[in-house]
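Heads up: the structure comes next, in structure tokens.
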Amino acid sequence: MSKKDAILEVIYEAIADLNDDKSEDEKVAATMDAILFGPESGLDSLDLVSLIVDVEGGASDLLDKSVSLSDDNAMDQDPVPFTSVASMLDYIMGLADEK
Amino acid sequence: MCRPVLEGEFVRLRPIVVDDANITLSWRQSERANLLNDGAQTLDQQERWIAGRPASELNFIIELIDSTPVGMLSLIDVNHTHRRAEPSRFLIGESVLVKGIPAAVEAMLLLYRYAFDVLELQRLYGTVTEKNKLMYKWQRFLGMKEEGRLRNHLFLAGEFQDAICLGLTYEDYWKISLPKMNALIKAGKQTN
Numbered sequence: 001m002s003k004k005d006a007i008l009e010v011i012y013e014a015i016a017d018l019n020d021d022k023s024e025d026e027k028v029a030a031t032m033d034a035i036l037f038g039p040e041s042g043l044d045s046l047d048l049v050s051l052i053v054d055v056e057g058g059a060s061d062l063l064d065k066s067v068s069l070s071d072d073n074a075m076d077q078d079p080v081p082f083t084s085v086a087s088m089l090d091y092i093m094g095l096a097d098e099k
Numbered sequence: 001m002c003r004p005v006l007e008g009e010f011v012r013l014r015p016i017v018v019d020d021a022n023i024t025l026s027w028r029q030s031e032r033a034n035l036l037n038d039g040a041q042t043l044d045q046q047e048r049w050i051a052g053r054p055a056s057e058l059n060f061i062i063e064l065i066d067s068t069p070v071g072m073l074s075l076i077d078v079n080h081t082h083r084r085a086e087p088s089r090f091l092i093g094e095s096v097l098v099k100g101i102p103a104a105v106e107a108m109l110l111l112y113r114y115a116f117d118v119l120e121l122q123r124l125y126g127t128v129t130e131k132n133k134l135m136y137k138w139q140r141f142l143g144m145k146e147e148g149r150l151r152n153h154l155f156l157a158g159e160f161q162d163a164i165c166l167g168l169t170y171e172d173y174w175k176i177s178l179p180k181m182n183a184l185i186k187a188g189k190q191t192n
């Protein structure tokens, strides 16, 4: 499995965990274009934080380095990393490629 | 203790009043509240509960800036000798209305800011049932640290559950809570 696929799997697993407690019409799509934050998102703050915590934990374990989606570096990104699955993946890939 | 109105950019916290009994009762009876301690069962009980809040508590309604009530949040057992208190009864009752808005995080920020910066407390603490993973992750993300576990401490939803003890010091608030909360609110401003 490529690094990209492994990170995507971490994100999708976090979404699946979040969806466990949701009704069918509330479930978040585990797709690259899923919006996670902002007016088009179906998540409230508690859901979003749960997702961020799980992805940070999973990605940190996977990459064997600390991954934060809400530190100063992350918040300087436009869009911020937790806006969508795609932005989350891009940001973590960038961290993975850092020396 | 005075009963302040705490203004944010997305929400405000205003003191709960007896007229809030109907909506708060409906929130407390929703599925989302089934991991909170038992509350009033009737409107009359809820009205009496609100009217009977002691001076050591601050009980707020979380409302959007257009004054739509969306949840509740309290600061209880405020102790000025030991300079500590317990954030409690945190419940977003109108989850659909706050999707995509950092309403919950700003409500917590307003409460923490008032507790630490205005009341000059040194510590906030509380417990969360082990089953409430969403709330546990939420509190940890916002800076609370796990300080212990009370086995079979709660009887909720028909079973005994462990309570996880959490605590937040003034230093944690500055170093961990504020940056995380401000980050989410900043992101909210970019997207709304």
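Just so you know, the protein sequences line up as chains A and B, in that order.
Using this note's numbering, the first residue of the first sequence is number 1, and each one after it goes up by one.
Using this note's numbering, the first residue of the second sequence is number 1, and each one after it goes up by one.
Using N, Cα and C, we set each Cβ at its ideal position, and we do this for glycine too.
Quantities reported herein were computed from a predicted structural model and do not represent experimental measurements.
- Judged by their CB atoms, arginine 84 of chain B and leucine 109 of chain B are not nearer to each other than the 8 Å cut-off.
- For valine 80 of chain A, the nearest beta carbon of chain B is closer than 8 Å to its own beta carbon.
- The shortest C-alpha to C-alpha distance from lysine 137 of chain B to any of A:Asp54, A:Ser41, A:Glu40 and A:Ala6 is the one to A:Asp54.
- Rounded to the nearest whole angstrom, the CA to CA distance from alanine 74 of chain A to serine 68 of chain A is 7 Å.
- For leucine 43 of chain A, the C-beta contacts it makes with chain B under 9 Å involve Lys99 and Gly100, in order along the chain.
- Methionine 75 of chain A reaches chain B at Ala183, Lys186 and Ala187, counting residues in chain order whose Cβ is nearer than 8 Å.
- Of all residues in the region 126-155 of chain B, only Lys133, Leu134, Met135, Lys137, Trp138, Arg140, Phe141 and Leu142 place a beta-carbon less than 9 Å from a beta-carbon of chain A.
- Each of A:Val28, A:Ser50 and A:Asp5 was checked against the Cα of asparagine 132 of chain B, and the nearest Cα belongs to A:Ser50.
- Around the beta-carbon of arginine 3 of chain B, fewer than 16 other beta-carbon atoms lie within 10 Å, marking it exposed.
- Between the beta-carbon of glycine 71 of chain B and that of glycine 93 of chain B there is about 5 Å, and that keeps the pair under the 8 Å contact cut.
- The beta carbons of tyrosine 114 of chain B and leucine 6 of chain B sit closer together than 8 Å.
- Interface flag for isoleucine 92 of chain B against chain A is set, since a Cβ pair is found closer than 8 Å.
- For arginine 123 of chain B, the uninterrupted beta strand (DSSP E) run begins and ends at 123-129, by DSSP.
- Taken through DSSP and simplified to helix, strand or coil, glycine 42 of chain A comes out as coil.
- Going by beta carbons, isoleucine 62 of chain B and leucine 13 of chain B fall inside the 8 Å limit.
- Nearest Cα to phenylalanine 90 of chain B within the set B:Ile164, B:Asn182, B:Ala187 and B:Thr24: B:Thr24.
- Glycine 8 of chain B and phenylalanine 155 of chain B have their C-alpha atoms roughly 36 Å apart.
- For the region 103-119 of chain B, the residues whose beta carbon sits under 8 Å from a beta carbon of chain A are, in order, Ala103, Ala104 and Val105.
- When DSSP reads this structure, valine 11 of chain B sits in a beta bridge with B:Leu64.
- Short of 7 Å from the beta carbon of glutamate 130 of chain B, and not among the five residues preceding or following it, lie these beta carbons of its own chain, in chain order: Gln161, Asp162 and Ile164.
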